[in-house]
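Protein chains in written order, with this note's numbering: chain E, 144 to 310; chain Z, 19 to 225.
All residues carry an ideal CB built from backbone N, CA and C; glycine is no exception.
Read the structure below first, then the notes.
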Amino acid sequence: MNRAIFQEQIFPIRHKLFRFALRITGSSHEAEDVVQEVMEKVWKSSPEQTASVQNWEAWCMTLTRNRSLDKTRSQNLRRTAPIDGVSERKADSASPAQAAENRDLAEIVKKMMQELPEKQRLVMHLRDVEELSYEEIAETLSVTLEQVKVNLHRARKTIRERMLGEL
Amino acid sequence: MNNFNDIEALLEKYWEGETSVEEERSLKAYFSAGEVEERFRKFAPLFKAIREEQAVQLQNGAKPQRIIPVMFQWQPWAAAASIALLVFAGWWLLSNPDNPTMANNNKQETKQSDTMRIKQDAPRLPEAQPQSEQPAFAAIPKMKRNGLFRKKPAAQQPDVEEQAAMQEIKAALALISSKIGKGRSEAAKGAIHLETMDRIFKHKDDG
């Protein structure tokens, strides 16, 4: 792996890879392991392995997805449990009472998102959190564009209905 | 975005999965502004959850360690050059057992980057090549102290093989010197901060 490429294009996206791994595994500890393993694999990759890579970010996201799914399936990680290790970084600009209420409700919505079926959960994460295009999502998840749109629609619809019914 | 009809229309598109990335950013900006109209407040937790998810970053659980990738491995070069040096030195001794020891001359080092120069205090062999044509060498104090170089009597004719051997030994030592210096500077330049890479080079058992 070319050191300049790794430093300029691979290393900066480690947080994005971590969030994605966290979404799949539901465990910050496992997600950290996944990111380390992916970074190591990318760093040690040979020119032959990377010759066909056109989009480094998409390639790393695919590696992250595959490794995260392997870990989840081999260890039977509970993905419906609340995600641990998530830290709030931004302050809410609403009133304190409203902010507190929103914070609690936001945690409930996160749990709802985590409880979505795998494809819907990952598509919604990649679109809403990482703001990837439909094409990038399709490449990362190895699905068609149509499947991306369908799963995104279903995911958002489910969240909306649950919010209206439970919150 | 002040037009609430726009927000309502965008939300409808959003649920259908028909909004663009830019339109979704507009929605997120509206809901993060804090002043959300009453009829839209029930959806505020969703965009807050998304905003919080976007802020999640890889935690630095372990103390960050600077890992300096050694881009230039100078040790193999040094080892190979040392072996070559010993071989030539041995050949030299076996080929010329009767040469007198060279005297210690003034040690005036000259700086150079890629070219080799002869030390000005290096023993001058009779009828040697003109100074400007001779290759340059780095200082070889250890070799001199060990007496492996011997000064030829002025009256003696230079042995061609002897000259060649000396030049090759000095070339090997200069190579060691230049590679070590380059390796150290490259290692210093190549320092990068990899907050989690400290675990990569440690043995870690999979859970």
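Spatial distance of residue i from residue j (CA atoms)
| i | j | result |
| --- | --- | --- |
| Glu191/E | Ser211/E | 24 Å |
| Asp247/E | Asn145/E | 45 Å |
| Ser276/E | Ala97/Z | 53 Å |
| Val286/E | Gln263/E | 12 Å |
| Glu34/Z | Arg303/E | 11 Å |
| Glu180/Z | Trp92/Z | 29 Å |
| Arg305/E | Glu42/Z | 20 Å |
| Arg157/E | Ile101/Z | 44 Å |
| Met182/E | Glu30/Z | 40 Å |
| Trp199/E | Lys254/E | 31 Å |
| Met267/E | Ser196/Z | 56 Å |
| Val39/Z | Asp24/Z | 16 Å |
| Val178/Z | Gln197/E | 58 Å |
| Ser188/E | Ile280/E | 23 Å |
| Asn294/E | Met204/E | 19 Å |
| Pro155/E | His172/E | 20 Å |
| Thr37/Z | Glu151/E | 31 Å |
| Glu180/E | Gln77/Z | 16 Å |
| Ser238/E | Ser195/E | 52 Å |
| Met256/E | Gln75/Z | 18 Å |
| Val252/E | Leu265/E | 15 Å |
Cβ pair residue i, residue j closer than 8 Å
| i | j | result |
| --- | --- | --- |
| Phe149/E | Trp186/E | yes |
| Glu70/Z | Ala249/E | yes |
| Glu56/Z | Phe22/Z | no |
| Arg216/E | Thr283/E | no |
| Thr301/E | Leu259/E | yes |
| Pro63/Z | Leu310/E | yes |
Closest by C-alpha distance to residue i, when choosing among the options
| i | options | result |
| --- | --- | --- |
| Phe65/Z | Ser50/Z, Asp24/Z, Gly35/Z, Trp92/Z | Ser50/Z |
| Glu113/E | His268/E, Val272/E, Lys292/E, Asp271/E | Residue 113/E is absent from the model: chain E starts at 144 and stops at 310. |
| Leu28/Z | Phe58/Z, Trp92/Z, Gly52/Z | Phe58/Z |
| Trp110/Z | Glu36/Z, Trp92/Z, Lys188/Z | Lys188/Z |
| Gln218/E | Ser170/E, Lys253/E, Pro239/E, Arg305/E | Ser170/E |
| Gly108/Z | Ala183/Z, Ser196/Z, Asn23/Z, Ile68/Z | Ala183/Z |
| Leu206/E | Glu261/E, Val178/E, Thr215/E, Gln197/E | Val178/E |
| Ala213/E | Ala194/E, His296/E, Asp176/E, Asp271/E | Correcting the residue type first, residue 213/E is Asp in the shown sequence and not Ala. Comparing Cα positions, the closest option is Asp176/E. |
| Trp202/E | Leu288/E, Gly308/E, Leu269/E, Ile153/E | Ile153/E |
CB contact below 8 Å: residue i versus chain E
| i | result |
| --- | --- |
| Pro94/Z | no |
| Gln181/Z | no |
| Ile68/Z | yes |
| Glu71/Z | yes |
| Gly108/Z | no |
| Glu30/Z | no |
| Gly35/Z | yes |
| Leu45/Z | no |
| Phe22/Z | no |
| Gln77/Z | yes |
| Lys60/Z | yes |
| Val105/Z | no |
| Val74/Z | yes |
8 Å Cβ cutoff, residue i in contact with chain Z
| i | result |
| --- | --- |
| Ser276/E | yes |
| Leu259/E | no |
| Glu200/E | no |
| Glu175/E | yes |
| Leu307/E | yes |
| Phe163/E | no |
| Ala147/E | no |
| Met144/E | no |
| Met204/E | no |
| Ser189/E | no |
7 Å CB neighbourhood of residue i in its chain, flanking five on each side removed
| i | result |
| --- | --- |
| Gln290/E | none |
| Leu103/Z | Ile187, Ala190, Leu191 |
| Lys81/Z | Reliability of the predicted coordinates at Lys81/Z is poor, the pLDDT of 37 falling under 50, and no value is obtained from them. |
| Lys46/Z | Phe65, Ile68, Arg69 |
| Arg270/E | Ile280, Leu295 |
Contact set between residue i and chain C, taken where Cβ atoms lie within less than 9 Å
| i | result |
| --- | --- |
| Tyr48/Z | Going by chain labels, chain C is absent from the structure shown, which instead holds the protein chains E and Z. |
Proximal residues to residue i (C-beta, below 8 Å), its chain only, five neighbours per side dropped
| i | result |
| --- | --- |
| Leu193/Z | Trp95, Ala99 |
| Glu273/E | Lys159, Arg162, Phe163 |
| Phe61/Z | Leu29, Phe49 |
| Phe106/Z | Ala183, Glu186, Ile187, Ala190 |
beta-carbon residue i near the ligand NAD non-hydrogen atom, thresh 7 Å
| i | result |
| --- | --- |
| Ile156/E | The ligand NAD is not part of the structure shown, which contains no ligands of any sort. |
Residues near residue i in its chain [Cβ-Cβ closer than 6 Å; skip 5 each side]
| i | result |
| --- | --- |
| Ala174/E | Phe161, Ala164, Leu165, Thr168 |
| Leu288/E | Tyr277, Ala281 |
| Arg299/E | none |
| Arg297/E | Gln263 |
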